[in-house]
Structures are given as structure tokens and as C-alpha cells.
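To keep things clear, I will list the structure first and then write my remarks on it.
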Amino acid sequence: MIELHGLTKRYGEKTAVDDLTFRVRPGVVTGFLGPNGAGKSTTMRMMLGLDNPTGGDVRIDGKRYDQLHEPLNYIGALLEAKAVHGGRTAYNHLLCMAQSNGIPRRRIDEVLDLVGLTGVAKKRPKGFSLGMGQRLGIAAALLGDPKILMFDEPVNGLDPEGIHWIRNLMKQLADEGRTVFVSSHLMSEMALTADHLVVIGQGKLMADTSMADFIAEN
Ligand code: ADP
Ligand code: ADP
3 MIELHGLTKR YGEKTAVDDL TFRVRPGVVT GFLGPNGAGK STTMRMMLGL
53 DNPTGGDVRI DGKRYDQLHE PLNYIGALLE AKAVHGGRTA YNHLLCMAQS
103 NGIPRRRIDE VLDLVGLTGV AKKRPKGFSL GMGQRLGIAA ALLGDPKILM
153 FDEPVNGLDP EGIHWIRNLM KQLADEGRTV FVSSHLMSEM ALTADHLVVI
203 GQGKLMADTS MADFIAEN
């Protein structure tokens, strides 16, 4: 469970995230919908402890970030699609992350298998397609077997097969009892992905409702 209480972020005069209060529950996929610039990424960065709020707070299972001991084992995240740098192979990229987080080596084979990249583990990600890059990012997010997963616009630019695969994976992770939080600027995408919907506009909470109720009312 993730809880936001009055979460706020200001950049000078601009309020990017404005007094957000909502909960993200385990066992379902919660969609985070809003147009570009609504404040989704800024909110998610604060939910991940990567950015400090101007006001309010984020609690993960009742704890603030400074009280969490093993963040990577607790929360996995896929932020904006970003190429993996350097000359490391996909396997070695994951190995570095595993080693710096005390994760056993065998877990690397498991996550590579889970995302379907076993066959290209010895290749360098700079030659990967966008979809393969997303799979590698997801493998990294799953390394610590986290209870909470956050995906920021994960299907942007992907082909239909890649989109379908990510949707199914998110459903599966939720069915396993994990907390899954995924952002998109597309209602059509959210309708196919999320069980629950949190909507923001200009940093403010516009709706926090089950997908069925949202569709019935809009
Ligand atoms: P979204 O992810 O929904 O597209 P963002 O969270 O990226 O929205 O941005 C919300 C608003 O905050 C935008 O107007 C953006 O320009 C602004 N913003 C985000 N990061 C910064 C920053 N570091 N400095 C100033 N403004 C920012
Ligand atoms: P997104 O694609 O999620 O909307 P942006 O393109 O708005 O993200 O932002 C990309 C990066 O630039 C982020 O690190 C964000 O914090 C920063 N940023 C966004 N808007 C501004 C701004 N107006 N001034 C300074 N930094 C910004």
C-alpha cells in the first residue's frame, strides 16, 4: 500500500503537484491518468523517493522513505524509456544492479526469462529495439522481487505486441498480490489496463475511482 497525504511540489511560481491525497492498494492495477504536463512523472518520482516534496508526504506500508531499509527490494520502477549506457551486456547490466543490492546471481536468469530476453543476455543493449529496452528496464525493476511496482508511461512508442505483453505482465504482477501503479496520458490505454483509476490535471486530483465507475460516469 502506498499512501500520499497532501503531496505537493512547487518549482518557483509553478505548482507541478498540488495537494494530492490518495492510496494505491495491492492486488490491482491502479492507473494514473493525466495529460502531458499534468504532474504524473513528478508525483511518481516523489513516490519513489527520488525527489523531495515541497509539502505533504508519501508512506509505503506506513513508513516514510527514510524509514525503509531496502528500497530496491521493496519497490521496482520503470521510469521514462532511457537507453542503457555503456558497453555492458544486458546480463552484466543486471549483474551490476544485483551486486550493489545484495541480490543473488540466480535471480538474473529468472528475470531475463520472465521478460523473454534470455537469448540476448550476452548482447549490448545499445543495439536493442525500444521494446527490448523496456523489457530490460522491467527485468531491472523485478530484480529485487518487489512488492510494489511503478511504471511511467511504459507502452509509449511500443508496437501492439509489446503493449499487450506489458499489460499482461502488469495484470499478472497484481494477481500475485503486488501493488502496481502505471501512468498514461491515454484513457484508451488505461481502460484496457487498470482496475482502478487516479486522474490528475494541472497537478490536482480529479478522480479516484474504480475503472467500472469511471467508465459508467464519463
Ligand atoms: P507529466 O509526467 O504528467 O507529463 P511532469 O510531472 O513531467 O508531468 O510535469 C508537471 C509540470 O511540472 C510540467 O509543467 C513540467 O514542465 C513541470 N516540471 C517538471 N519538472 C520540473 C523541474 N525540474 N523544474 C521546473 N518545472 C518542472
Ligand atoms: P515528461 O516526459 O515526463 O513529461 P518532461 O519532458 O516534462 O518529462 O521532463 C524531463 C525532465 O526535465 C525531468 O527531469 C523534469 O523534471 C525536467 N523538467 C521538465 N520541465 C522542466 C522545466 N520547466 N524546467 C526545468 N526542468 C524541467
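In short: position in the sequence shown from 1, add 2, done, that's the working numbering. The beta carbon of each residue, even a glycine, is placed where N, CA and C say it ideally should be.
Cβ neighbour criterion (16 or more within 10 Å) applied to residue i
| i | result |
| --- | --- |
| Ile217 | exposed |
| Gly78 | buried |
| Thr45 | buried |
| Lys16 | exposed |
| Pro162 | exposed |
| Ser43 | buried |
| Leu52 | exposed |
C-alpha gap between residue i and residue j, whole angstroms
| i | j | result |
| --- | --- | --- |
| Met208 | Phe24 | 11 Å |
| Ala123 | Ala214 | 40 Å |
| Met192 | Arg107 | 35 Å |
| Pro223 | Arg137 | Since the first residue shown for the chain is 3 and the last is 220, residue 223 is missing from the structure and cannot be characterised. |
| Val31 | Gly203 | 20 Å |
| Met134 | Leu175 | 19 Å |
| Gly129 | Asp111 | 20 Å |
| Lys125 | Ala143 | 19 Å |
| Asn103 | Pro148 | 12 Å |
| Gln101 | Asn94 | 10 Å |
| Leu96 | Tyr76 | 17 Å |
| Ser186 | Gly121 | 30 Å |
| Gly164 | Gly179 | 23 Å |
| Ile105 | Val113 | 12 Å |
| Gln69 | Asn54 | 15 Å |
| Leu220 | Met189 | A quick correction: the sequence has Asn, not Leu, at residue 220. Between Asn220 and Met189, the C-alpha separation is close to 11 Å. |
| Cys98 | Pro127 | 14 Å |
Selection from the options that minimises the alpha carbon distance to residue i
| i | options | result |
| --- | --- | --- |
| Asp177 | Pro28, Thr91, Val19 | Pro28 |
| Asn118 | Glu5, Ala92, Pro148 | In the sequence under discussion, the amino acid at residue 118 is Gly, which differs from the Asn named in the question. Checked all of Glu5, Ala92, Pro148; the closest Cα to Gly118 is Ala92. |
| Leu171 | Thr10, Met189, Met152 | Met152 |
| Lys65 | Val182, Leu6, Asp210, Cys98 | Leu6 |
| Asp197 | Lys206, Gly205, Thr211 | Thr211 |
| Val184 | Leu114, Gly33, Asp115 | Gly33 |
| Thr181 | Thr195, His166, Ile150, Leu188 | Ile150 |
| Gly39 | Ser190, Val201, Asp115 | Val201 |
| Leu194 | His166, Asn220, Glu219 | His166 |
Residue i and residue j closer than 8 Å at C-beta
| i | j | result |
| --- | --- | --- |
| Leu35 | Leu199 | yes |
| Leu145 | Arg109 | yes |
| Ile168 | Val157 | yes |
| Leu2 | Asp154 | The question about residue 2 has no answer here: the residues shown for the chain are numbered 3 through 220. |
Distance between beta carbons of residue j and residue i, contact taken as under 8 Å
| i | j | result |
| --- | --- | --- |
| Gly8 | Gly57 | 6 Å |
| Val26 | Met48 | No, Val26 and Met48 are not in contact; Cβ-Cβ is about 13 Å, not under 8 Å. |
| Gly205 | Val60 | Incorrect: roughly 15 Å between the Cβ atoms, too far for contact. |
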